[in-house]
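The listed protein sequences derive, respectively, from chains V and C.
Quick note, in my numbering, the first sequence goes up one by one and the last residue is 245.
Quick note, in my numbering, the second sequence goes up one by one and the last residue is 516.
From the three backbone atoms N, C-alpha and C, an ideal C-beta is built for every residue, glycine too.
Here the structure is a predicted model, which means the values were calculated and not measured.
Everything below concerns the one structure shown next.
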Amino acid sequence: MTGIKIRLSRFSGLGTKLFDLTSGFKLDFKPAALLLYPHQVTTAVADIAAGRNRTLLLFRLTEWSEHQVRPLLAPAAVAPLGGDGSVVDLAAGYEDEVEIESLRILSDVTTQAHNQGLPVIAWIRLNESLYLDKPAAPYLEIPLAAAEEMGVDAVILPRSAVEKGTMQYRSAVARFIAEDHGMIVRDDR
Amino acid sequence: MNGSQIRLSHLMEAKDSKSYIVAADHAFLMGPSTGTFNLAETLDQVLLGSPDAILLSKGRAKLIAHIFHNPGSPALIIRADWFSGPRLFSPHLPLSRMDKFLACSAEEALSLGAEAMMVYCLASFSSEFDSLCYAQAAAAIRNCESYGLPLIAEPLPGNPFMEDEDKNQVIIESARILENLGAAALKVPYVNEDGLRRLVKAVKIPIWVLGGDLDSEEAVYQKAALQMAAGASGIVYGRNVIQAAKPAEVSRNLYNIVHEKS
């Protein structure tokens with residue numbers, strides 16, 4: 057627990073900015089943390105990840121594409137890469153098989169990552185078509201609560217869902233909002 | 255006496271070996287609802303009624319660990335499995351497939367300070383799902399045994415629309431199997447008084463009755479008293495406590511009913 061708390065504290069604070077380097081957008085500022093694939097650990101990345109006020113490295117444990125969550129990296133591989141945490145996708149509102157398998161993966165990797173003292177951030181991939189013309193909150197609350205109850209340390213929520221309706225559920229973990237162009241901003245309000 | 259028996263005794267009041275347990279694992283399976291929108295606040299009220307134990311998911315147990323920190327605090331029971339059943343009829347994000355997996359190990363539960371772990375066992379839904387449930391229950395029991403942690407099994411009729419007598423029969427048969435597999439106690443649904451009395455005679459391990467759907471306060475008290483009189487070793491009530499208008503009052507009254515205090 058101590059290792060997780062220490063690493064989590066490194067990107068605490070309202071407005072803290074993370075950058076998703078796997079999004080394909082260009083990084084043009086020094087974020088508090090970088091979300092990346094293992095092959096993206098280049099010399100440039102290693103440079104900004106050095107020192108006391110370094111940028112933290114968060115590794116993707118899953119791949120989210122074509123409405124599927126696929127395992128990508130074992131949690132045990134994060135520490136040897138110099139990682140400070142991990143990000144796992146959680147599908148919600150897609151086919152049963154996709155959603156249930158996604159929960160199963162989240163449960164497994166959360167346990168494994170915590171054994172290494174690494175925090176886990178769940179990126180909630182909510183099907184936007186569900187809330188096109190209605191409040192998103194009742195849909196968003198279900199995977200948000202499930203992720204917290206599975207033991208994750210922080211969540212990333214889609215901006216489009218957060219803006220459509222006020223949630224009754226009071227989240228108890230650090231909350232980030234996925235903005236455009238790879239930007240992810242901490243917003244616990 | 256082994257570690258599992260010692261830990262099981264922590265879920266009971268020493269004087270009468272009865273248990274008043276509050277279930278607060280609902281958001282894990284069905285999403286948040288009244289009482290779980292801010293669970294820490296709700297449980298602060300519930301604790302005023304001195305429950306013997308609280309049932310939580312591993313993630314929630316970590317987030318509100320402080321409620322277990324003081325001498326005399328309730329014991330922690332970890333819900334160790336996720337299953338899709340509660341989402342089958344959900345108005346938001348419904349699932350149509352029955353599935354279930356173990357989401358917590360005995361090691362994790364122990365490291366969270368748990369005194370016991372709990373798993374579902376959906377019986378008679380389908381032969382494949384029965385096999386899956388019993389296999390998971392057996393695996394969880396073996397895992398818990400090696401750490402001296404009691405495993406509480408929750409046999410539920412897989413088909414909620416079957417006749418009461420059939421439900422009783424399914425619960426009794428499943429309870430016997432789970433006892434033989436090594437479950438330390440059972441959390442069971444209440445069908446009727448006759449069924450509960452037969453179940454209590456059918457197995458030797460403690461029987462705790464779950465509260466089920468939200469009911470009026472008076473009906474809840476009557477039901478709890480009846481269940482205890484029928485031979486239950488305790489109750490595991492959730493929605494009727496955490497969704498009550500006055501959780502502290504309901505919690506205290508249920509404690510008094512279970513432990514026969516005025």
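Compare the C-beta of R181/V against all C-beta atoms of chain C and say whether one is closer than 8 angstroms. no
Mind checking the stretch 323-356 of chain C against chain V and listing, in chain order, the residues whose C-beta falls within less than 7 angstroms of any C-beta there? W336, S338, H346, L347, L349, S350, R351, D353, F355
From the beta carbon of V208/V, is the nearest beta carbon of chain C less than 8 angstroms away? Cβ-Cβ to chain C under 8 angstroms: yes for V208/V.
Measuring straight from C-alpha to C-alpha, what distance separates K272/C and K455/C? The alpha-carbon atoms of K272/C and K455/C are separated by roughly 17 angstroms.
Under a three-way DSSP split, which group does V474/C fall into? helix
Where P325/C and L83/V are concerned, what is the direct C-alpha to C-alpha distance, given to the nearest angstrom? 52 angstroms
Measuring only the C-alpha atoms, how far is D279/C from L213/V? 23 angstroms
Of the choices Q168/V, A135/V, E119/V, whose alpha-carbon is the least far from that of V154/V? Ranking Q168/V, A135/V, E119/V by Cα distance to V154/V puts E119/V first.
Just to confirm before moving on: does the CB-CB distance between S378/C and V445/C stay below 8 angstroms? no
Among all the DSSP beta bridges, which residues are the ones paired with L440/C? A407/C, I461/C
Select from V218/V, L200/V, G71/V the residue whose C-alpha is nearest the C-alpha of I177/V. L200/V
Count the C-beta pairs between the stretch 339-349 of chain C and the stretch 361-370 of chain C that are closer than 8 angstroms, then say yes if the count reaches three, no if not. no
Using a cut-off of 7 angstroms between C-beta atoms, extract the partners of N292/C located in chain V. R226
Please confirm if A130/V has its CB atom under 8 angstroms from at least one CB of chain C. no
With DSSP as the reference, identify every bridge partner of D189/V, one or two as the case may be. Per DSSP, none; premise fails for D189/V.
Between the Cα of N413/C and those of A407/C, I406/C, N422/C, spot the shortest distance and give me the residue it belongs to. N422/C
Starting from the C-beta of N256/C, find all residues in its chain whose C-beta is less than 7 angstroms away, skip the five residues before and the five after it, and write them out in chain order. G402.
Under 8 angstroms, Cβ to Cβ, is there at least one residue of chain C near T118/V? no
Count the other C-beta atoms from every protein chain shown that fall within 10 angstroms of the C-beta of D209/V, then say buried if there are 16 or more, exposed otherwise. Counting Cβ neighbours within 10 Å, D209/V comes out buried, since at least 16 surround it.
Between D384/C, S381/C, S505/C, C358/C, which lies nearest to M372/C when the distance is taken from Cα to Cα? Comparing Cα positions, the closest option is C358/C.
To which residues of the same chain is R396/C closer than 8 angstroms at the C-beta, ignoring the five residues directly before and after it? G436
Name, please, each residue of chain C whose Cβ falls closer than 7 angstroms to the Cβ of A148/V. Those within 7 angstroms of A148/V in chain C are L347.
Would you verify that the beta carbon of A368/C is, or is not, closer than 8 angstroms to some beta carbon of chain V? No, no contact with chain V.
Can you grab the Cα-Cα spacing for the pair G285/C / L356/C, in whole Å? The alpha-carbon atoms of G285/C and L356/C are separated by roughly 18 angstroms.
Residues bridged to E119/V [DSSP beta-bridge criterion]: R126/V
Helix, strand or coil, according to DSSP, for K73/V in the structure here? K73/V: strand per DSSP, three-state reduction.
Among D467/C, S428/C, Y475/C, nearest to I461/C - alpha-carbon criterion: S428/C
Are there 16 or more other CB atoms within 10 angstroms of the CB of N171/V, so buried, or fewer, so exposed? exposed
Taking 8 angstroms as the cut-off, does the stretch 120-134 of chain V touch the stretch 155-167 of chain V (at least 3 CB pairs, one atom from each stretch)? Yes, the stretch 155-167 of chain V touches the stretch 120-134 of chain V.
So L213/C and Y374/C are in contact, right, with Cβ under 8 angstroms, and what is the actual spacing, rounded? Given that chain C is displayed from residue 255 to residue 516, the structure contains no residue 213/C and the question cannot be resolved.
Kindly indicate which residue of S163/V, S216/V, S227/V, L186/V has the alpha-carbon position closest to the one of D244/V. Relative to the Cα of D244/V, the nearest Cα in the group S163/V, S216/V, S227/V, L186/V belongs to S227/V.
Within the stretch 328-396 of chain C, ranges of the alpha helix (DSSP H) (whole runs, at least 4 residues): 360-365
Per the contact definition of three or more C-beta pairs closer than 8 angstroms, is the stretch 261-271 of chain C in contact with the stretch 465-479 of chain C? no
For the stretch 468-499 of chain C, enumerate the residues whose C-beta is nearer than 8 angstroms to any C-beta of chain V, in chain order. none
If I follow the unbroken beta strand (DSSP E) through L92/V, where does it start and stop? 89-92
Does L301/C have its Cβ less than 8 angstroms from a Cβ in chain B? Absent from the structure is chain B; the protein chains it does hold are V and C.
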